[in-house]
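Only one structure is covered here, and it is reproduced in the block below.
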Amino acid sequence: MKQTLKNIFFLGVKELRGLARDYMLVALIVYAFSLGIYVTGNSTNDTITNAAIAVVDEDNTQLSKRIADAFFPPMFRRAEIIKLNEIDPAMDEGKYTFVLVIPAGFEEDVLAGREPVIQLNTDATRMSQAFSGAGYIQQIVEREINIFENKGRIPKVAVNNVVRNRYNANLTQSWFKAVMQLVNNITMLAIILTGAALIRERENGTLEHLLVMPVTPFEIMFSKVWSMLLVVLAASAVSLVVVIMQMLKVPVNGSFTLFFIGVALHLFAVTSLGIFLACVAQNMPQLGMLLILVLLPMQMLSGGSTPMESMPHWVQVVMQAAPTTHFVELCQAILFRGAGIGVVWLPFTALFIIGCVLFVFSLGRFRKSVAQ
Numbered sequence: 007m008k009q010t011l012k013n014i015f016f017l018g019v020k021e022l023r024g025l026a027r028d029y030m031l032v033a034l035i036v037y038a039f040s041l042g043i044y045v046t047g048n049s050t051n052d053t054i055t056n057a058a059i060a061v062v063d064e065d066n067t068q069l070s071k072r073i074a075d076a077f078f079p080p081m082f083r084r085a086e087i088i089k090l091n092e093i094d095p096a097m098d099e100g101k102y103t104f105v106l107v108i109p110a111g112f113e114e115d116v117l118a119g120r121e122p123v124i125q126l127n128t129d130a131t132r133m134s135q136a137f138s139g140a141g142y143i144q145q146i147v148e149r150e151i152n153i154f155e156n157k158g159r160i161p162k163v164a165v166n167n168v169v170r171n172r173y174n175a176n177l178t179q180s181w182f183k184a185v186m187q188l189v190n191n192i193t194m195l196a197i198i199l200t201g202a203a204l205i206r207e208r209e210n211g212t213l214e215h216l217l218v219m220p221v222t223p224f225e226i227m228f229s230k231v232w233s234m235l236l237v238v239l240a241a242s243a244v245s246l247v248v249v250i251m252q253m254l255k256v257p258v259n260g261s262f263t264l265f266f267i268g269v270a271l272h273l274f275a276v277t278s279l280g281i282f283l284a285c286v287a288q289n290m291p292q293l294g295m296l297l298i299l300v301l302l303p304m305q306m307l308s309g310g311s312t313p314m315e316s317m318p319h320w321v322q323v324v325m326q327a328a329p330t331t332h333f334v335e336l337c338q339a340i341l342f343r344g345a346g347i348g349v350v351w352l353p354f355t356a357l358f359i360i361g362c363v364l365f366v367f368s369l370g371r372f373r374k375s376v377a378q
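What follows is the structure, encoded as structure tokens:
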């Protein structure tokens, strides 16, 4: 037992030294856990921000001017007044996302109790803003009409609907996206690093040297698992503290210890999966193709981008066998909601079981591959 642990330790140190000499993988690790997370948290914003809007005011009355002046930053830019024949050329050029057309006689119809129609032209190619922006514009127009009808007084409603946003009061999307990008990068890098470590041994011919030494396939495989697990765990810790918490100012409510225990369990599972994929692939290009087939469905259907309950029932059942599903669940619970072990013990248990199954399965495949 002592010799086995000693072999696993020194073989793992060898893997760390080999990784340090692979400058491309080192650069990938640095980028994925720094700039990749920072850019995702800052650049991909689905909320309405500085949306370009124009108004065609054919009524030219107090109400129409009130509506045109009701759009303010940061959601919208100040509305530009254009003519009716300028709509199509301007939208073809992508100058405006929204163009609101107020017809002649609009204020008169409102005062007479009729139901006038306002036309809203939307550039639907800007999917991130088109749907939600149209809803906001409708609310703004209805509010200004109600205030105008009540002679400047805000109308009282029978029910006062108060919305309180838990865990993210301002609905700051960078908080959510930065953490989810960290979760995705942990999974991706763990599979790539373990798979690349095994393929590097095979391509350099050092795997055969290991097989003639007094070491077992279990010791070889477990050394790759713990060494790559340590690298990703350390990189994710630095990324969480420096990039997410300090640079992006994302508050973390939960226990760091509990979170990184969950990360370690997840890494145990996905590094075993990386070994299996490396046993199937013959070289790095094949590993990359297999990674696309395996990693993308795991991440897209894990519940990180779309809530699990909104997916078809059979997808929910199938994805219970994927480690990413339980990892996303415990990460969101711990980092966003400050959950304790009493809440996340079930995904912890599931990750441990899945990790053991994947490790045993991958070890069997690894033994067959080295025997060949």
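Offset between the sequence shown (1-based) and the numbering used here: plus 6. We put the CB at the ideal spot given by N, CA and C, even for glycine.
Environment of residue i [buried if 16+ CB atoms lie within 10 Å]
i	result
residue 252	exposed
residue 351	exposed
residue 26	exposed
residue 353	buried
residue 288	exposed
residue 117	exposed
residue 269	buried
residue 193	buried
residue 295	exposed
residue 113	buried
residue 207	buried
residue 347	exposed
residue 188	buried
residue 11	exposed
Among the options, nearest to residue i - alpha-carbon criterion
i	options	result
residue 1	118, 271, 229 and 333	The structure shown does not extend to residue 1, since the chain is modelled only from 7 through 378, so no value can be given for it.
residue 105	84, 69 and 111	84
residue 337	260, 20, 307 and 247	260
residue 364	197, 343, 115 and 126	197
residue 134	66, 187, 55 and 65	55
residue 238	248, 155, 266 and 258	266
residue 372	152, 264, 149 and 225	225
residue 80	9, 57 and 11	57
residue 69	99, 152, 138 and 34	152
residue 13	99, 195 and 223	223
residue 243	35, 11, 139 and 9	35
residue 305	33, 246, 123 and 333	333
residue 37	210, 123 and 249	249
residue 121	148, 139 and 141	148
Under the three-state DSSP convention, the category residue i falls into
i	result
residue 288	coil
residue 104	strand
residue 63	strand
residue 91	helix
residue 203	helix
residue 22	helix
residue 85	coil
residue 270	helix
residue 74	helix
residue 356	helix
residue 184	helix
residue 175	coil
residue 57	strand
residue 12	helix
residue 346	coil
residue 223	helix
residue 210	helix
residue 39	coil
residue 27	helix
residue 152	helix
residue 167	coil
residue 374	helix
Nonlocal neighbours in the same chain, by C-beta distance under 6 Å from residue i, ignoring five residues either side
i	result
residue 200	230, 234, 277, 280 and 281
residue 90	62
residue 325	307 and 331
residue 136	128 and 130
residue 344	259 and 260
residue 110	64 and 65
residue 47	180, 183, 184 and 254
residue 186	310
Proximal residues to residue i (C-beta, below 8 Å), its chain only, five neighbours per side dropped
i	result
residue 171	177
residue 146	73, 76 and 77
residue 303	none
residue 31	25, 198, 199 and 202
residue 59	77, 82, 83, 85, 86, 102, 103, 104, 105, 106 and 143
residue 22	233, 236 and 237
residue 283	197, 201, 293, 296, 297 and 300
residue 221	13 and 17
residue 150	69, 72, 73 and 76
Beta-carbon proximity list for residue i, same chain, < 7 Å, skipping 5 on both sides
i	result
residue 181	174 and 256
residue 290	202 and 205
residue 275	329, 357, 360, 361 and 364
residue 271	354, 357, 358 and 361
residue 88	60, 62 and 96
Checklist entry - Quick one: complete alpha helix (DSSP H) runs, 4+ long, within the region 274-341? => result 290-306, 319-324 and 329-337
Item to check | Sequence ranges, beta strand (DSSP E) only - wholly within the region 95-147, length at least 3 | outcome: 104-108 and 125-128
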